Amino acid sequence: MMNYYTDISEIKFELEQSELMPRIVELKERSFEDKDQYDEAPQDFADAMDSYDKVLDVVGDIVANVVAPNAEEVDAEGPHHENGRVRYASKTYENLAAMNHAGLNGMTMPRRYGGLNLPVTVYTAANEIVSAGDAGFENIWSLQDCIETLYCFGNEEQRQKYIPRVCKGETMSMDLTEPDAGSDLQSVMLKATFDEENNCWRLNGAKRFITNGDSDIHLVLARSEAGTRDGRGLSMFIYDKRDGGVDVRRIENKLGIHGSPTCELVYKNAKCELCGDRKLGLIKYVMSLMNGARLGIAAQSVGLSQAAYNEAVAYAKDRKQFGKAIIEFPAVQEMISNIKARLDAGRALLYQTARYVDIYKALEDISRDRKLTPEERAELKQYSKLADAFTPLAKGMNSEYANQNAYDCIQVHGGSGFMLEYACQRIYRDARITSIYEGTTQLQTVAAIRYVTNGFYSQVIQEMEKDLPQPSLKGRESSPFKGELERVFAMAEKFNACTAAVKETGDQDVLDLCARHLYEMAADIIMCHLLMQNAAKSPELFGESLRNYVRLAQAEVEKHNCWIKNTLGE
Amino acid sequence: MSLKIVVLAKQVPDTRNVGPDAMTPEGTVNRSALPAIFNPEDLNALEQALRLKDQFPGTTVTVVTMGPGRAAEVIREAMYRGADGGYLLTDRAFAGADTLATSYALATAIKHVCPNVDLIIGGRQAIDGDTAQVGPQVAEKLGLNQITYVEEIQTLSNSPLKGEEKKSPFKGDLEGLSIVVKRHIDGGVETVESPLPCVLTVNGSAAPCRPRNVKRVMKYKRCLAPMELPQGTGFGDLPYAAEYEKKPYLKLGQLSCADVNADLQQCGLAGSPTKVKNVENIVFKAKESKVLTGSDEDVNGLIKELLNERLIG
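Top to bottom, those sequences are chains S and E.
Converting from the first sequence to our numbering requires adding 11 to each position, the first position being numbered 1.
Converting from the second sequence to our numbering requires adding 78 to each position, the first position being numbered 1.
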């Protein structure tokens, strides 16, 4: 590919074609108040959109010419563990230098700290694009969004100390997991004690599975309240590598994302700063950190799906059997159109989530400077809830799709795909982690299930049914996607019936058992609607994917319906 | 210490991905069928200039390019990557220039815009003409030393050079300093030193150019040369017209033949002794063919041959 952004029209479509975008830009740019102070700040909405397009063009160019060509070598070499430090694969430094020269760091941070003040939606697009070139490198680079948490909860002194450094390219990590605290972060035991003599906090203990664990600036979850055992005794700390005290004990040997060093860390009386208030580390700050990270993994997953699609199409067009290119065989075609359908549907969900996050985050940021109006407060509440409900859908579904797409991509390659000479094997290995880290799909279900039981997803779906996109979908009868529309309506009825039946049992165990199925039903239906909205605006880009996706989704919903009915009937 | 650097750059048709309509029936380049790009080796040259700017803060990098209005894109591209500004040398009188007339125009422009230049850096050659003549001719016209096929600038040094220095009518600020560079030669590299000011032409094997910086892209995206405006309009007629008043850097420098006091007889067609007499289409035919078997000996022989021909490496 010549450019990983301009060559993929769907990304630009997602960026430009949403009715929410003018509101996002207005909020993020605070009615364009920076324009007289910063030369690079936009003058108005159109100017901002033009700048976003140009920024992503640079990202797409670097990925095509630096990151993607380096991917195989980075994967083969991997990072090195030397004297308690990490040395990246040599080409990783080349990738980082390119990103730093381009100034693609601190992308969402305000300009006064040296950031680019880009909406989360634009950063998400950049994330997806980098991941399509090398998901392992994306892992390192995208940890820059930890700075969002420091910006939200750190004090002004910390903001001024750390944000400009991240904007200049210093890397970050979030040190959460420990040997006995993975999914269950309440069990974190890393000890934080206050050193009265030096008037600072100290960390002692160990962390495990820390992505990019030798980073410049760490956000660390540690137990500050001696004697406690649950989440309420945990606080968040900032560790600055310049202060020393944290060493890398080992680097994990992983199935995929080889470019990204996963570290075991030892803290020996490491000096650190408290970020925000004591005891809110897990219950407030890490929850915020994780929501951002989950959106990041959703973007990484979509990038991997795009890569899988690219590789599958390229191979199927090139490979000839029985006298013709294998893409001409329906059995191969079906695999490729399924990849594309899941890619387009998942991408629509990703960007809708990013837009919801943008609106509530921008309003939250404004609320730090002035009191919001009652309308703004209502808007904040609405979008914050939507973001919270959509994030686990976007992360869970896209990561599962990335795995399915990578699997199909290898299948399209046949025997060659099983050899280690095509990119599909790396994509397959890299995709595997996406449905595990930052909360497994099972934990995404846990985060989402209350929106099933409290009827929020049903309500969202109902509004989408009422609010069919104009003008081609006005009215069920005259829609060019009438058949699809009818089937999506029927799927929603099944979802509602299943939800009601499960709730009727009043049995928590039954609900837990059926949760994944209900979660997927809601996600499938929402993605059908989002894809339909896209297809209404651009039938040439999304029409075929819509038809294929509704076919897939209907079969999935039917499967879950059947499974739940049989389970309840037992 | 800071330097004044001029980078010579050219907008060229992208001849690396040529389709069937790349040539007109008359045998000239069909420019509309090929995307216009920054000449690749000029990007290598720009990178060398930007590295000096990184190393010596205060250094200015000015791009000079000759061409029609749209060639100003080269100046913007260079500014996105770190150049301070540039000049579009544009005039009907420059049209049809061969390498002699081009280097005359460029040398005249450099004298005009940067009389105390310390270093002039250009790509080895452009991918449309492939002559590699312009850089050296600019050096000759300015009476400066030249180092061709540069791969890397190593240091600036103030140790006096042995031997007689080339007399130059052209005084840079850093007279007495010299530059040490590695240049590409057949089968190796050569390290050479020259007093400043001098002209370097950079080889494609030098470091690739850094990417565009997004903040600079957003800042400079509206930069325009007057020549790019629709006929009969001014900066005041553009969208965001007030911006051009507030931010003078948005108006790119533009120079005509008269602006640089160029002698019309030495410009454009009039100043070009080179005349294209005839263009022939060449169809490659296999002169001789060789049959290879799958034996180790044949395969090894083929590998050796390809290595020697530098087809693989």
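Even for Gly, the Cβ is constructed at its ideal location relative to N, Cα and C.
All values reported here derive from a predicted model rather than from experimental measurement.
Residues of the region 266–293 of chain E with a Cβ closer than 7 angstroms to any Cβ of chain S, in chain order: R288, P289, R290, N291, V292 and K293.
Here the alpha carbon of E236 (chain S) sits roughly 28 angstroms from the alpha carbon of T451 (chain S). The region 344–356 of chain E and the region 306–318 of chain E do not touch, with fewer than 3 CB-CB distances between them shorter than 8 angstroms. Within chain E, no residue has its CB atom less than 8 angstroms from the CB of D64 (chain S), the nearest being about 10 angstroms off. With respect to chain S, the C-beta atom of M157 (chain E) has no partner C-beta closer than 9 angstroms. Contact annotation: E159 (chain S) and G287 (chain S) have beta-carbon atoms that are not nearer than 9 angstroms. In the DSSP assignment, no residue is bridged to T168 (chain E). Beyond the five residues adjoining it in sequence on each side, I438 (chain S) comes within less than 7 angstroms, by CB distance, of L315, A318, A319, E322, A417 and C420 in the same chain, given in chain order.
The three-state reading of DSSP puts N507 (chain S) in helix, counting H, G and I together. A buried status is given to Y162 (chain S), since no fewer than 16 other beta-carbon atoms sit within 10 Å of its beta-carbon. The criterion of a C-beta distance shorter than 9 angstroms is not satisfied by I338 (chain S) and A352 (chain S). Under the Cβ distance rule, V295 (chain E) counts among the residues neighbouring chain S, one pair being separated by less than 9 angstroms. C178 (chain S) is positioned such that its CB atom lies no closer than 9 angstroms to that of N223 (chain S). According to the DSSP assignment, S42 (chain S) belongs to no beta strand (DSSP E), since it is labelled neither H nor E. For Y227 (chain E), the closest Cβ of chain S is not nearer than 9 angstroms. Under the three-state reduction of DSSP output, R260 (chain S) falls in the strand class. When DSSP states are grouped into helix, strand and coil, V259 (chain E) belongs to the strand group. Within the region 104–133 of chain S, those residues whose Cβ lies closer than 7 angstroms to any Cβ of chain E are, in chain order, A109, H112, A113, G114, L115 and L127. The distance from the Cβ of V368 (chain S) to that of V131 (chain S) is about 5 angstroms, consistent with a contact at the 8 angstroms cut-off.
Using a Cβ-Cβ distance cut-off of 8 angstroms, the region 330–348 of chain S and the region 524–531 of chain S are not in contact, since fewer than three pairs of beta carbons, one from each stretch, lie closer than that value. Of the candidates E:M101, E:V258 and E:E119, E:M101 places its Cα closest to the Cα of A111 (chain E). Where N223 (chain E) is concerned, the enclosing beta strand (DSSP E) starts and stops at N223 to S235. Residues of chain S whose Cβ lies closer than 8 angstroms to the Cβ of K299 (chain E) are, in chain order, D61, S62 and K65. At a beta-carbon threshold of 7 angstroms, the residues of chain E lying near E51 (chain S) are K293, M296 and K297, ordered along the chain. Bounds of any alpha helix (DSSP H) do not take in T371 (chain E), whose DSSP letter is neither H nor E.
Under the Cβ distance rule, V77 (chain S) counts among the residues neighbouring chain E, one pair being separated by less than 9 angstroms. Close to K325 (chain E), with beta-carbon spacing below 8 angstroms, are these residues of chain S in chain order: D50. Contact between R122 (chain S) and D45 (chain S) holds: their C-beta atoms lie close to 6 angstroms from each other, under 8 angstroms.
Under the three-state reduction of DSSP output, V142 (chain E) falls in the strand class.
Below the 8 angstroms Cβ cutoff, chain S contributes Q54 and D58 as neighbours of Y318 (chain E), in chain order. Excluding residues up to 5 positions away in sequence, E181, T182 and K252 lie with their Cβ nearer than 6 angstroms to the Cβ of D227 (chain S) in the same chain. For V85 (chain S), the closest Cβ of chain E is not nearer than 9 angstroms. About 5 angstroms separates the beta carbon of L167 (chain E) from that of A187 (chain E), a gap short enough to meet the 8 angstroms contact definition. Burial check for T384 (chain S): the Cβ neighbour count within 10 Å stays below 16, so the residue is exposed. Between the region 238–250 of chain S and the region 196–204 of chain S, the count of C-beta pairs closer than 8 angstroms reaches three or more; the two stretches touch. DSSP places Y462 (chain S) in the uninterrupted alpha helix (DSSP H) bounded by T452 to T464.
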